[in-house]
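Residue numbers are given in numbering that gives the first Met the number 0: position 55 of the sequence shown equals residue 54, and the series is strictly consecutive. Scroll down for the structure; my scribbles are underneath it.
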Amino acid sequence: MTTQIGGHLLVECLLAQGVTHAFGVPGESYLAALDGFHHYRDRIRFVTCRQEGGAAFMAEATGKLTGRPGVLFVTRGPGATNASIGIHTAFQDSTPLVVFVGDVASDQRDREAFQELDYRVFFGPSTGGMAKRVERIDDARRIPEYVARAFATAMNGRPGPVVLALPEDMLTQPVGARPLPRVEQVQYQNTPQRALELREQLLKAKQPLVLAGGPGWTPAAAQALQRFAERWHLPVANAFRFQDTFDNHHPLYAGDVGIAPNPKLAERVRAADLLLAVGPRLGEMTTGGYTLIQPPRPAQALVHVHPDPTELGRVYQPDLAIAATMPGAAAMLDELPAPPDVPWRAWADAAHADYLANLQPQPLPGAIDMPALVATLQRLLPADTVVTNGAGNFASWVHRFWRYHGIAQGGRTQLAPTSGAMGYGVPAGIAAAIATGRTVFTIAGDGDFLMNGQELATAAQHGAKAIIVLLNNGSYGTIRMHQEREFPTHVSGSDLRNPDFAALARAYGWAGERVARTAEFEPALRAALARAEGTLIEVMLDAEVITTRGTLSDITRAALRR
Numbered sequence: 000m001t002t003q004i005g006g007h008l009l010v011e012c013l014l015a016q017g018v019t020h021a022f023g024v025p026g027e028s029y030l031a032a033l034d035g036f037h038h039y040r041d042r043i044r045f046v047t048c049r050q051e052g053g054a055a056f057m058a059e060a061t062g063k064l065t066g067r068p069g070v071l072f073v074t075r076g077p078g079a080t081n082a083s084i085g086i087h088t089a090f091q092d093s094t095p096l097v098v099f100v101g102d103v104a105s106d107q108r109d110r111e112a113f114q115e116l117d118y119r120v121f122f123g124p125s126t127g128g129m130a131k132r133v134e135r136i137d138d139a140r141r142i143p144e145y146v147a148r149a150f151a152t153a154m155n156g157r158p159g160p161v162v163l164a165l166p167e168d169m170l171t172q173p174v175g176a177r178p179l180p181r182v183e184q185v186q187y188q189n190t191p192q193r194a195l196e197l198r199e200q201l202l203k204a205k206q207p208l209v210l211a212g213g214p215g216w217t218p219a220a221a222q223a224l225q226r227f228a229e230r231w232h233l234p235v236a237n238a239f240r241f242q243d244t245f246d247n248h249h250p251l252y253a254g255d256v257g258i259a260p261n262p263k264l265a266e267r268v269r270a271a272d273l274l275l276a277v278g279p280r281l282g283e284m285t286t287g288g289y290t291l292i293q294p295p296r297p298a299q300a301l302v303h304v305h306p307d308p309t310e311l312g313r314v315y316q317p318d319l320a321i322a323a324t325m326p327g328a329a330a331m332l333d334e335l336p337a338p339p340d341v342p343w344r345a346w347a348d349a350a351h352a353d354y355l356a357n358l359q360p361q362p363l364p365g366a367i368d369m370p371a372l373v374a375t376l377q378r379l380l381p382a383d384t385v386v387t388n389g390a391g392n393f394a395s396w397v398h399r400f401w402r403y404h405g406i407a408q409g410g411r412t413q414l415a416p417t418s419g420a421m422g423y424g425v426p427a428g429i430a431a432a433i434a435t436g437r438t439v440f441t442i443a444g445d446g447d448f449l450m451n452g453q454e455l456a457t458a459a460q461h462g463a464k465a466i467i468v469l470l471n472n473g474s475y476g477t478i479r480m481h482q483e484r485e486f487p488t489h490v491s492g493s494d495l496r497n498p499d500f501a502a503l504a505r506a507y508g509w510a511g512e513r514v515a516r517t518a519e520f521e522p523a524l525r526a527a528l529a530r531a532e533g534t535l536i537e538v539m540l541d542a543e544v545i546t547t548r549g550t551l552s553d554i555t556r557a558a559l560r561r
């Protein structure tokens, strides 16, 4: 049997799993793996990033887009800790991710060698929010076993991140092993009895509401969900930052349940007598801080469908728990026979009418009309545009006004962190451009952009074109909003002195434009679409325009009246 070094075998194992891109920052602790990427450079691409946090977000975004684990390589100690933000995001967002960490040599372990870290302690399941599994490969002959298990663990049950530590001497060991076959996600649905119980719950309802979201949706599963909703005439709301699960243009779409949702939709969740949650884990953001749905026993009847049985009943005690992957759940729903008519038609129609009414903006001050800018983007960008954002009030403009066509139309079009991680949008957009070649639109704030703006260098190096609309209001806007609400007029730590963002983009090899009035935006966007390279459009937004519904002064005055 022909032998090779462990680093080359590791890359062969990635190829066997169908990996075409790996993201990372190079380190001396995994030189042998980097040499493996060189050896197989015609089949797999190592995307060199500028900081491990940005690289982790790129890998996580790839996992979201493809449904298979994104792949991240980082070096030991500082590299791994820098990457932790993306690993935490993958955990909270239920995204499949496999992280390879170059580690100290085996004969130096447990001496606090240079940059040494105990990854089981740092990332392990005992942290309650970092990785599903953390392992160390000490024997190169077992690389295929560990990689296959990592992919299976990352995809199955509730998807999430897996960390594998790679001692540098292990990667140079000669080995004759061969990769294991590609791992596929295990598909399962609950028993026919559960389907009958679900039908009984629906037939008892007068005001049902579907909450769709979570991991593992495929176009076929989303299409089956749509057929189920149509047959039963059910209103469907999407969970926080899973707004592309159900087509926003569909007459049964009720809106998204997340941060600052449509007040009428929030009231509709409370008023529902049956909630059918298909996919989401019902976290804090989707439940309005656990107020729209009261734990542990909701006021509404609750049917909870989730791929991980351990998630069912963990926070909310459902009337009916169904453990199923989204393809399995959708197939079950698709076969559920509907009655000739249902008593909630007016309720469902009113839910969609409320959603449409919420698309009508309130008048706000300033020279920039943000709803008009979003409308221009929606009109000019292709329907399959990938929309990305990080965390901040700036994201509320797309959350409220952008209408996603839905996974049923062919794939995911929203990449956004349910973990609320700042700095996500720029690297996620770059990864989407590299992995799909589709049009990418990223909305960012000034504070958010500077978390990972250096990854424009990665985009320029790897030919990734995206359009970034950067809203510059000179502040950490979300924090300033909360300050005015809790400590009015006491501004502390939230003001920003910014660079010339358009000039900064040009320095990275992108185009950069600045927009100060609404009329300037459409020409800038058309020019961006026509260019071969990416474009950053800096929009000078009045800090008064702090939310989609009101101003900073409104918040201050309300706080002072208390």
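Built from N, CA and C at the ideal position, the CB exists for glycine as well.
- Do you know how far the Cα of residue 115 is from the Cα of residue 127? 22 Å
- Please confirm if the region 352–359 is in contact with the region 259–270, defined as three or more CB-CB distances below 8 Å between the two stretches. Enough Cβ pairs lie closer than 8 Å, so yes.
- Query: What residue does the alpha helix (DSSP H) around residue 528 start on, and which one ends it?
  - Reply: 520–529
- Query: Mind checking whether the beta-carbon of residue 319 lies closer than 7 Å to any heavy atom of the ligand NAP?
  - Reply: Summarising the ligand content, the structure contains no ligands, and the ligand NAP is consequently not present.
- Query: residue 404 and residue 46: beta carbons closer than 8 Å?
  - Reply: no
- C-alpha distance - residue 332 paired with residue 363, whole-angstrom precision: 43 Å
- Task: Go ahead and label residue 87 buried or exposed: buried means 16 or more other beta carbons lie within 10 angstroms of its beta carbon, across all protein chains shown.
- Result: buried
- Item | Selected residue, minimal CA-CA separation from residue 68, among 183, 34, 289, 83 | 183
- Segment contact, 8 Å Cβ cut-off, at least three pairs: the region 417–437 with the region 496–513: Pairwise C-beta distances place the region 417–437 out of contact with the region 496–513, as fewer than three of them are shorter than 8 Å.
- For the 8 Å Cβ check, are there 3 or more pairs between the region 96–106 and the region 19–35? yes
- Query: Could you give the residue range of the beta strand (DSSP E) that holds residue 45?
  - Reply: 44–47
- Message: Per DSSP, what are the beta-bridge partners of residue 207 in this structure?
- Response: 273
- From the DSSP output, in three-state form, read off residue 474 for me. strand
- Query: When DSSP builds the beta bridges, which residues end up paired with residue 537?
  - Reply: 469, 513
- Can you tell me the Cα-Cα spacing of residue 327 and residue 545, whole angstroms? 42 Å
- Query: Mind checking whether residue 174 and residue 2 have CB atoms under 8 Å apart?
  - Reply: yes
- Item | Which of helix, strand or coil DSSP assigns to residue 90 | Assigned with DSSP and collapsed to three states, residue 90 falls in helix.
- Task: Name the two residues that bound the continuous beta strand (DSSP E) containing residue 305.
- Result: 300–305
- Query: Would the beta-carbon of residue 209 fall within 8 Å of that of residue 150?
  - Reply: Contact flag unset, no.
- Message: Which complete alpha helix (DSSP H) runs does the region 117–158 hold, if anything under 4 residues is left out?
- Response: 118–122, 142–154
- Query: Are the beta-carbon atoms of residue 16 and residue 240 separated by less than 8 Å?
  - Reply: no
- Could you pull the start and end residues of the alpha helix (DSSP H) that residue 370 belongs to? 369–379
- Item | Presumed contact (8 Å Cβ cut-off) between residue 221 and residue 244, rounded CB distance | 7 Å
- Could you give the residue range of the beta strand (DSSP E) that holds residue 392? It is not in any beta strand (DSSP E) - residue 392 carries neither H nor E in the DSSP assignment.
- Can you round the beta-carbon distance between residue 429 and residue 394 to whole angstroms, since I take them to be within the 8 Å contact cut? Between residue 394 and residue 429 the Cβ distance is about 18 Å, and since that is not below 8 Å, they are no contact.
- Message: Spatial neighbours of residue 475 within its chain, please: C-beta separation below 6 Å, excluding the five flanking residues on both sides.
- Response: 446, 493
- Query: In the structure shown, what three-state DSSP assignment does residue 237 receive?
  - Reply: strand
- Message: residue 409 and residue 215 - do their beta-carbons sit closer together than 8 Å?
- Response: no
- Item | the region 526–541 contacting the region 479–492, beta-carbon criterion three pairs below 8 Å | no
- Item | Opposing strand residues paired with residue 494 [DSSP bridges] | 474
- Between 95, 213, 201, which lies nearest to residue 234 when the distance is taken from Cα to Cα? Of the listed residues, the one whose Cα sits closest to residue 234 is 201.
- The beta strand (DSSP E) with residue 23 in it runs from where to where? First-last of the beta strand (DSSP E) with residue 23: 20–23.
- Query: Exposed or buried, what is residue 562 when buried is set at 16 or more other beta-carbons lying within 10 Å of its beta-carbon?
  - Reply: Since the first and last residues shown for the chain are 0 and 561, residue 562 lies out of range.
- Put residue 460 into one of helix, strand or coil per three-state DSSP. helix
- Query: What's the C-alpha gap between residue 526 and residue 325?
  - Reply: Rounded to the nearest angstrom, the two C-alpha atoms are 40 Å apart.
- Item | CA nearest to the CA of residue 165, picked from 42, 231, 204, 73 | 73
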